[in-house]
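Inspection log for the structure reproduced underneath, given as structure tokens.
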Amino acid sequence: MNHKLLTKFVFSGMQKNKKTLIPYLLAGTMTVMIYYILQSLAHCPYIYKDGVEAFYGAQLISILLEISGQIVAVFATVFLFYTNQFMIRARKKEMGLYGVLGMSKKNITYILAAESLIHALTSIITGIMMGTFLNKLMLLILYKIINQPLVNGLFFSVEALKSTLVLFVILFAVSLIYNVASIRVGKPIALLQSDRTGEKEPKVKVPVFILGIITLTAGYKLALSAKSIGGAVNILFVSILLVVIATYCLFTAGSIFILKCMKKNPKFYYKTKNFISVSNLMFRMKHNAAGLASICVLSTGVILLLTCGFSLMMLIGKNIDDRYPTDIKVAETVSEAGKGMDDFVTMNKALQQDGIVTTDQIYRQYRNIMVTEKDGKQKIADPDTFDSDIASDIVTYLLSAADYNEYADMNLTLKDDEILIYSSGKEWKKGDNLNFMGKEYTVAGEAEYSAIRYIIDSTMSIFEREILVFPDDEQICALMAEAGQRVNPDEYEVFIGYQLEKALTEEQMETVRALMELGGLNREAIRFKSEEMSAFYSIYGGIFFVGMFLAALFLMATVMIIYYKQMSEGYEDQKRFQILSNVGLTEKEAKESIRTQVMLLFYLPVAAAIMHMIVASSVVRLFLRMILIVDTFTFNMAIAIVSMIFLVIYTIVYKITSREYYKIVNRKD
Numbered sequence: 000m001n002h003k004l005l006t007k008f009v010f011s012g013m014q015k016n017k018k019t020l021i022p023y024l025l026a027g028t029m030t031v032m033i034y035y036i037l038q039s040l041a042h043c044p045y046i047y048k049d050g051v052e053a054f055y056g057a058q059l060i061s062i063l064l065e066i067s068g069q070i071v072a073v074f075a076t077v078f079l080f081y082t083n084q085f086m087i088r089a090r091k092k093e094m095g096l097y098g099v100l101g102m103s104k105k106n107i108t109y110i111l112a113a114e115s116l117i118h119a120l121t122s123i124i125t126g127i128m129m130g131t132f133l134n135k136l137m138l139l140i141l142y143k144i145i146n147q148p149l150v151n152g153l154f155f156s157v158e159a160l161k162s163t164l165v166l167f168v169i170l171f172a173v174s175l176i177y178n179v180a181s182i183r184v185g186k187p188i189a190l191l192q193s194d195r196t197g198e199k200e201p202k203v204k205v206p207v208f209i210l211g212i213i214t215l216t217a218g219y220k221l222a223l224s225a226k227s228i229g230g231a232v233n234i235l236f237v238s239i240l241l242v243v244i245a246t247y248c249l250f251t252a253g254s255i256f257i258l259k260c261m262k263k264n265p266k267f268y269y270k271t272k273n274f275i276s277v278s279n280l281m282f283r284m285k286h287n288a289a290g291l292a293s294i295c296v297l298s299t300g301v302i303l304l305l306t307c308g309f310s311l312m313m314l315i316g317k318n319i320d321d322r323y324p325t326d327i328k329v330a331e332t333v334s335e336a337g338k339g340m341d342d343f344v345t346m347n348k349a350l351q352q353d354g355i356v357t358t359d360q361i362y363r364q365y366r367n368i369m370v371t372e373k374d375g376k377q378k379i380a381d382p383d384t385f386d387s388d389i390a391s392d393i394v395t396y397l398l399s400a401a402d403y404n405e406y407a408d409m410n411l412t413l414k415d416d417e418i419l420i421y422s423s424g425k426e427w428k429k430g431d432n433l434n435f436m437g438k439e440y441t442v443a444g445e446a447e448y449s450a451i452r453y454i455i456d457s458t459m460s461i462f463e464r465e466i467l468v469f470p471d472d473e474q475i476c477a478l479m480a481e482a483g484q485r486v487n488p489d490e491y492e493v494f495i496g497y498q499l500e501k502a503l504t505e506e507q508m509e510t511v512r513a514l515m516e517l518g519g520l521n522r523e524a525i526r527f528k529s530e531e532m533s534a535f536y537s538i539y540g541g542i543f544f545v546g547m548f549l550a551a552l553f554l555m556a557t558v559m560i561i562y563y564k565q566m567s568e569g570y571e572d573q574k575r576f577q578i579l580s581n582v583g584l585t586e587k588e589a590k591e592s593i594r595t596q597v598m599l600l601f602y603l604p605v606a607a608a609i610m611h612m613i614v615a616s617s618v619v620r621l622f623l624r625m626i627l628i629v630d631t632f633t634f635n636m637a638i639a640i641v642s643m644i645f646l647v648i649y650t651i652v653y654k655i656t657s658r659e660y661y662k663i664v665n666r667k668d
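Reading the sequence shown from the start, the letters are residues 0 to 668 in numbering that gives the first Met the number 0.
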């Protein structure tokens, strides 16, 4: 058979299968485009190139982009093979017909190779072209997120082009080899009748079902047991692995168990729409289970990434204010009494000399130590176990009542066995008892946070933090001496802060640093809020940007799996519904049955995904605290908003695919 005629078969087959082919090409194009953009930005000179950062934190963003590109590469391998398997499964009957009509396996191989070449060229070329045009837009969006001035110029990355071509040429080539092998090993008659193979009613795989229950219980229990950041770090990935295993086990075996329970309920089962839906699902769940589990896992990933991303952006302002409560911040350790106040005076003179107007001036002195809590008792943390067990470690700030009264503008007196307390991880009530360094104290009340918040080092957010106010400074020194820690009675941590009338220029910042250095203060101890804000947005904005890319990829994969699963199920259920129609099933009853079946298949995975996210919320929030301060309300609001947005998108996909499913099963030809 000549190549001209075979080429006609190629384009004819593509035309007839456009409903499955177009989504496949769109998915391939989007995957190529996302991978190319990530690789291009990772090697972009406007971010990081040859060891040169375009802005502070650019190297970290480049590393995240590179890692994300590797994740996309792995994901593309799995995803493209999955969609390709659906494509070739749908074409087996067509290829069998070609064989029956006299085509040789060589002719069929030519058709498959030509189609694969067209698919690869379309996806790769279109993806790279779209990536090239959108690359600058993505760079501008990144610069906008991280609050950097916009850049001019267009960059084309040869490295990104090479890596994209190599990866996707290999993937499409391997897909072609798989397609040819799956067709050549089958006989034409067997391929032609591939959609008529009967199936037995599936049985509940009891060991798999039990394994799913055990792993889900263990994963949920681990996630809920995390009470500190140290615990979250140790169990997060283990709990994720257990829940993923449980998801596949329960969708595979648990879904059959639930359907059999429905079947045993006569009041539910012996209704037309329920009878048809449960019966269809019973026989098709063998193939549905893995797809539904994949949809659930991907949906969880989308919700998780979007929640973390939105939390980052919602909390950046709060974290900057917590870390830098004043426009100018000086944090230092002084080794003699009055040295901190001397630096405060020097700082005031430096600002006045440079003509900088302040609206508020803040001075705080305190001591801080690391303590560990066990069995309700707090003692100095052991440096040898500090790195291995941070779950019970607490950064503790110690103040005398005299200093506290000055900072909070109060006239408080405490008895020798009384303290005021503020804790980030535990709620204390008046009258509670605290064993601190072997001595019992009665809580006289909660310390006024607004007056003493300046002394908290927010960079230590991975630990719980507390502030203790003692009757006098002598008692603090005595406690620390008894604990075996050498303490200089005159050594203090000092915080100096200034609120400014207007923002400083870079020249003014450098002038202040130089003047303070002349006054004997370490220039590294001076921090300007506006300067640090830029670095903050660069790092966390970059993390948000990369997270949104991955979330978009996972969302696309979720939609494609749903679409292909619905198309596949539609073709497989078409003959069943035609038979039922011939024996009296009305169109209204068919629609109700289809709606019940499709809704169950659609909303079961997303319901499980939201449940996974709710259970994991506490451990994920604790994990995020390694890089920023996360309050429970904001994080829960992010989960609620993201879940609602995802449900809206999911429902739109449901409407579209259920309509296509009904068209297929209701087709009369």
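Just so it is clear, CB atoms sit at the ideal spot from N, CA and C, and this is done for glycine as well.
- In the DSSP assignment, D359 forms a beta bridge with Q498.
- DSSP places N432 inside the beta strand (DSSP E), whose first and last residues are N432 to F435.
- Taking a contact as a CB-CB distance under 8 angstroms, the pair I420 and L467 counts as one, their CB atoms being some 6 angstroms apart.
- For K135, there is no enclosing beta strand (DSSP E); the residue is part of the alpha helix (DSSP H) that begins and ends at K104 to I144.
- Below 8 angstroms, too few C-beta pairs join the region 298 to 318 and the region 472 to 481 to call them touching: fewer than three.
- For F208, the uninterrupted alpha helix (DSSP H) segment begins and ends at V205 to S224.
- Counting C-beta atoms within 10 angstroms of its own C-beta, R658 has fewer than 16 neighbours from the protein chains shown and is therefore classed as exposed.
- Judged by DSSP secondary structure, T28 falls outside any beta strand (DSSP E) and instead within the alpha helix (DSSP H) spanning K17 to A41.
- Nearest neighbour of A26 by Cα position, chosen from K48, A75 and L63, turns out to be A75.
- Of the other Cβ atoms in all chains shown, 16 or more fall within 10 Å of the Cβ of G218; this residue is therefore buried.
- Here T332 carries a strand assignment [DSSP, helix/strand/coil].
- With at least 16 other beta carbons inside 10 angstroms of its own, A556 counts as buried.
- V619 and I561 have their C-alpha atoms spaced approximately 27 angstroms apart.
- By the neighbour-count criterion, in which a residue is buried when 16 or more other Cβ atoms sit within 10 angstroms of its Cβ, C295 is buried.
- V618 has no beta-bridge partner at all, per DSSP.
- With respect to the 8 angstroms criterion, Q565 and T504 are not classified as neighbours on the basis of their beta carbons.
- Counting the other CB atoms within 10 Å of its CB gives M625 a total below 16, which places it among the exposed residues.
- Annotation for Y403: the continuous alpha helix (DSSP H) segment containing it runs A400 to A407.
- Shown here, K438 sits in a strand according to DSSP, grouped into three states.
- Annotation: the continuous alpha helix (DSSP H) that includes Q507 extends over E505 to L517.
- Annotated three-state conformation of S423 is coil, per DSSP.
- Bridge pairing for G444: L419 [DSSP].
- Relative to G130, the option among Y34, L170, I212 and T82 whose CA is nearest is Y34.
- Residue pairing by DSSP puts Y491 in a beta bridge opposite V333.
- When DSSP states are grouped into helix, strand and coil, R624 belongs to the coil group.
- The residue among G354, E465 and M340 with its C-alpha nearest the C-alpha of Y362 is M340.
- At the C-beta level, G68 and A41 come within 8 angstroms of one another.
- Note that the C-beta distance between F494 and Y539 is not below 8 angstroms.
- F250 is positioned such that its CB atom lies no closer than 8 angstroms to that of L223.
- With respect to the 8 angstroms criterion, L627 and L314 are classified as neighbours on the basis of their beta carbons.
- Membership of K202 in any beta strand (DSSP E) is not indicated, and neither H nor E is assigned to it by DSSP.
- Looking at the DSSP output, R464 sits in a beta bridge with V394.
- For Q377, there is no enclosing alpha helix (DSSP H); the enclosing beta strand (DSSP E) covers residues K376 to I379.
- Around the C-beta of Q14, fewer than 16 other C-beta atoms lie within 10 Å, and the residue is accordingly described as exposed.
- Classified as exposed, I21 has fewer than 16 neighbouring CB atoms from the shown chains inside 10 Å of its CB.
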